[in-house]
Amino acid sequence: MSDELIVIGTFVLSYALIIGYAARLHLRLRRAKD
Amino acid sequence: MNRVRILLVTAAIAVGIGLWFAFTAPVDRLQGEFSRIVNIHAPFLWVAFLAFGVTALASIMWLVKKTRGWDRLGEASAELGVVFTVAGLFTGMVWGQAVWGRAWDWGDARLATTAVMLFVYVGYLALRRATPDPEMRARRSAILGAVAVVQVPLVYFSVYMFRTLHQTPSIRPDGATMPEEMLVALLVNFLAITYLYFALLMARLYVARAEEAVMVDGSLAGDAVKPPRLSEVEDV
């Protein structure tokens, strides 16, 4: 695997973790409002 | 569009700008492409330190004022601190594998102290979940939140106290150890990711308030079940 691909993958996975956390917050908010 | 949504959208734009700087800045001659990881690795861990500092401040304020808002802030910030610590450790492991030839080393002071810091704050969140009484939960987590922050300076200064694998910081009071273009990219990412933390913190507090509004009388699911009145059973 090329170095560029590993670096891009690291950025993508790191931000995916944070987006996943934000998505979980969104679901909790929807559940609270229902 | 409400305030929290505006914050999240602008934070996403800020992160996008940060990414553009990270991928257009020059790379280190020896580390090549892997040196770009510094643009998220260092800011993620800086934000984790900030988040745990906010938790400590909120914990002390709860112990003084005993108001629900401080307890809510402490929990929200600790949760974000854990997320950013995990992201920081992950990026560090990829970078370490490429540059040091190993992703993890328990003998390294910075890695070991960061892992312990993560475990303690996961414990802080577990403690909150294991304590159903709100007053007791706030008190216990405030004490832990105020004490656990000692790990932040321990993690930061570990690279000075022990000479192991991890390097000392690239940005120091006496200047930076990188060219200006790389430094600008790093500083832009520091600002973007700090702003992202602030936006997520506001979102987390908004969710906490919405959840508390549902349980406005503080009742729990099990409260509807009444204990059996054994004296009446005996009379029959």
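So the protein sequences, as listed, match chains D and X.
Heads up, the final residue of the first sequence is numbered 34 in this note's numbering, and it's a clean run with no missing numbers.
Heads up, the final residue of the second sequence is numbered 1236 in this note's numbering, and it's a clean run with no missing numbers.
For each residue, glycine too, the CB sits at the ideal point set by N, CA and C.
All of these numbers come straight from a predicted model, not from anything done at the bench.
query, result
"Measure from the C-beta of D:Val7 to each C-beta in chain X and report whether the shortest distance is under 8 angstroms.", "yes"
"Is there at least one Cβ from chain X nearer than 8 angstroms to D:Ala23's Cβ?", "no"
"Is it the case that the Cβ atoms of X:Thr1055 and X:Gly1145 are separated by a distance below 8 angstroms?", "yes"
"What residues in the region 1037–1071 of chain X bring their beta carbon closer than 8 angstroms to a beta carbon of chain D?", "Ile1037, Ile1040, Phe1044"
"Where does X:Gly1107 fall in DSSP's three states?", "coil"
"List the endpoints of the continuous alpha helix (DSSP H) containing X:Pro1153.", "1151–1161"
"Tell me whether X:Arg1068 sits in a helix, a strand or coil according to DSSP, three-state version.", "helix"
"In three-state terms, what does DSSP make of D:Asp34?", "coil"
"Cutting at 7 angstroms between CB atoms, please list the residues of its own chain near X:Ser1077, excluding the five before and the five after it.", "Ala1051, Val1054, Thr1055, Ala1058, Leu1201"
"Identify, in the order they occur along the chain, each residue of the same chain with its Cβ nearer than 8 angstroms to the Cβ of X:Tyr1197, setting aside the five sequence neighbours on each side.", "Val1047, Leu1050, Ala1051, Leu1080, Phe1084"
"When Cβ atoms are compared, which residues of the region 1191–1212 of chain X fall closer than 8 angstroms to chain D?", "Leu1196, Leu1200, Ala1203, Arg1204, Tyr1206, Val1207, Ala1210, Glu1211"
"Rank X:Trp1095, X:Trp1020, X:Leu1007, X:Lys1065 by C-alpha distance to the C-alpha of X:Ala1042 and give the top, closest one.", "X:Trp1095"
"Looking at X:Val1159 and X:Gln1151, is the spacing between their C-beta atoms short of 8 angstroms?", "no"
"Buried or exposed, going by whether 16 or more other CB atoms sit within 10 Å of the CB of D:Ala16?", "exposed"
"How big is the Cα-Cα spacing for X:Arg1005 and X:Thr1164?", "43 angstroms"
"Under a three-way DSSP split, which group does X:Ala1176 fall into?", "strand"
"When you check each C-beta in the region 1070–1090 of chain X against every C-beta of chain D, which residues fall closer than 9 angstroms?", "Glu1079, Leu1080, Val1083, Phe1084, Val1086, Ala1087, Gly1088, Phe1090"
"To which residues of the same chain is X:Leu1127 closer than 7 angstroms at the C-beta, ignoring the five residues directly before and after it?", "Arg1140, Ser1141, Leu1144"
"If we cut at 8 angstroms on Cβ distances, does X:Val1122 have a partner in chain D?", "no"
"By the 10 Å Cβ neighbour count, where 16 or more other Cβ atoms means buried, how is X:Gly1092 classified, buried or exposed?", "buried"
"Give me the chain D residues within the contact set of X:Val1188, using Cβ-Cβ distance strictly less than 9 angstroms, ordered along the chain.", "Chain D residues near X:Val1188: none, gap ~15 angstroms exceeds 9 angstroms."
"Going along the chain, which residues of its own chain have a beta-carbon closer than 6 angstroms to the beta-carbon of X:Phe1021, five neighbours each way excluded?", "Ala1185, Val1188"
"Tell me the DSSP bridge mates of X:Asp1028?", "X:Gly1032"
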